[in-house]
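Peer 1: Here the sequence shown is numbered in the numbering used here, starting from -14 and rising by one per residue.
Cβ coordinates follow ideal geometry from the N, Cα and C atoms, glycine included.
Before I ask anything, let me first share the structure, which is written out below as structure tokens.
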Amino acid sequence: MQSHLASSITTFNKEGLRKRAVAWALSLLVLPVSAAPLDVFLTATPEKIAPYAYLELGTDHMNESLDVFKVRENDPLTSGTKSGDYHGTYLSAALRVGEGKWLSGVLGQRSLSSTSDTFNYTNWQVSGLYRFLEPGGKLPAMALRLSAWGNYASATESTSAVVVPGAKLDTVKITDPADRQLQADLIGTWNLSPSTDVSVNVGLGTSQLSYGALSATTSRNGCNYQVAFTGNNIFGTLVPPCSVVGGVIQQFYDSSGAYGVDVANEIAWRGTFLQAGVNGTWQRGLWTLKAGYLFHVIRREAVDDILVARGQAAYSQNHNISLQADYRLRPHVSLFARGQLTSNLFFNDIPVTYNSSTADRFGSKYSLFSLGLRADF
């Protein structure tokens, strides 16, 4: 039985199928996306935004006409396609629950496009801020902010066929891809004048990626097969009916570890991150202008070491520069527009998109543009 099974694996070109299937499955998680936390504008005095509460509805966009850095043109595989297109909407709210105490949350939906498919993610965030020092003299207002946030999808699935050595993968699917973060930020805000504030922040956090199942379908010699990945184990079964005359492979089994691929660690990595930023707010009449800079660095377990061992690039730092303009349409209602520029896509806001197959795409700059309405109470 063992020798027959080994022969079946060899006949099916196990190495070509396994390597390309894993690579394609990982690639379903790529694409640059928008910020869920938007930590670039953290402040210790949310009362400057709204005295007691606010509700904000926003939409984020990136497409060919907004691609000011021409990322598609720099990549021959995506030039002229919708790869990198992004559209997202979110609803955020904050409530003052005591003197210097705020609770806030965000719920949003993102649509991300590859060259042939579109994937949907839900993003969420809950946070609490406690201001433990009121401003006085040259001392700033000081606050501690604790948050949990993440992104998830029910599944990411390819709908276009992929040709690999010895087989063609008709579909590839990952169920329940997700990332979850815990984060703590220390924020200081100086009130330089009635119209001008400057804030600095330092944050620490942890990331954990996960997924449910990894599977694929393929056809060979007129027969269809279902391929399942459990950890580093690969198991394929024939999907009846198959009318081919002669010997037909019924099942095959293999381990990706034999070829130097650790599926779980390369998709579902853990990491710790550090970030620091500075931002300023200036108000005049009906206008409020904001500018901010955020530096983010992360240490991922396993996946980046695997990339380096293979001679590939691993990206662990990101720089974010953001500008925002608010215009008060009427008392308690404001319209805002925001532009963001990042040095290495948005891997610090959507960690689930970074893995051993997609990491090389994160060397590109990315820009994002947002519009929204805010009601304050």
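Determine whether the beta carbon atoms of L353 and M127 lie at a separation below 8 Å.
Peer 2: L353 places its beta carbon 8 Å or farther from that of M127.
Peer 1: Rounded to the nearest angstrom, what separates S184 and D239 at their Cα positions?
Peer 2: For S184 and D239, the gap between their C-alpha atoms comes out near 54 Å.
Peer 1: Among all the DSSP beta bridges, which residues are the ones paired with D361?
Peer 2: Y39
Peer 1: Quick one: grab the DSSP three-state call for F332.
Peer 2: In the structure shown, F332 falls within a coil segment according to DSSP collapsed to helix, strand and coil.
Peer 1: Can you have a look at D24 and say buried or exposed, based on whether 16 or more other CB atoms are within 10 angstroms of its CB?
Peer 2: buried
Peer 1: Is it the case that the Cβ atoms of G348 and Y300 are separated by a distance below 8 Å?
Peer 2: yes
Peer 1: Strictly by DSSP, which residues pair up with H317?
Peer 2: For H317, which the question treats as bridged, DSSP gives no partner whatsoever.
Peer 1: Can you find the residues in the same chain that come closer than 6 Å, C-beta to C-beta, to A310, ignoring five residues on each side of it along the sequence?
Peer 2: Cβ within range, chain order: L274, A322.
Peer 1: Residues bridged to I219 by DSSP?
Peer 2: F214, D239
Peer 1: Applying the criterion that 16 or more other CB atoms from any shown protein chain within 10 Å of the CB defines a buried residue, is T181 buried or exposed?
Peer 2: exposed
Peer 1: Whose C-beta lies closer than 8 Å to the C-beta of E119 among residues of the same chain, with five residues either side of it excluded?
Peer 2: G85, A126
Peer 1: From the DSSP output, in three-state form, read off D311 for me.
Peer 2: Secondary structure of D311 (DSSP, three-state): strand.
Peer 1: Between which two residues does the beta strand (DSSP E) containing A163 stretch?
Peer 2: 163 to 178
Peer 1: I'd like to know whether the C-beta atoms of Y39 and A360 end up nearer to each other than 8 Å.
Peer 2: yes
Peer 1: Quick check on E251: buried or exposed, where buried means 16 or more other Cβ atoms within 10 Å of its Cβ?
Peer 2: By the neighbour-count rule (16 or more Cβ atoms within 10 Å), E251 is buried.
Peer 1: Is it true that the CB of Q166 sits closer than 8 Å to the CB of G197?
Peer 2: One thing to note: G197 has its Cβ no nearer than 8 Å to the Cβ of Q166.
Peer 1: Would you list, in sequence order, the uninterrupted beta strand (DSSP E) runs of no fewer than 3 residues that lie entirely inside the region 83 to 120?
Peer 2: 86 to 98, 103 to 118
Peer 1: Can you tell me whether DSSP reads K275 as helix, strand or coil?
Peer 2: Correct three-state label for K275: strand.
Peer 1: Could you give the distance in angstroms between the alpha-carbon of T222 and the alpha-carbon of A344?
Peer 2: 31 Å
Peer 1: Using CA coordinates, which residue listed in G73, V263, N136 is at the minimum distance from F332?
Peer 2: That would be N136, whose Cα lies nearest to the Cα of F332.
Peer 1: Classify G262 as buried or exposed, calling it buried when 16 or more other Cβ atoms lie within 10 Å of its own Cβ.
Peer 2: buried
Peer 1: Pick from V82, A133, S99: whose alpha carbon is nearest that of Y115?
Peer 2: Comparing Cα-Cα distances from Y115 to each of V82, A133, S99, the minimum goes to V82.
Peer 1: Answer with buried or exposed for P162, where buried requires no fewer than 16 other C-beta atoms within 10 angstroms of its C-beta.
Peer 2: buried
Peer 1: Between the C-alpha atoms of G265 and A276, what's the straight-line distance to the nearest angstrom?
Peer 2: Answer to the nearest angstrom: the Cα atoms are 6 Å apart.
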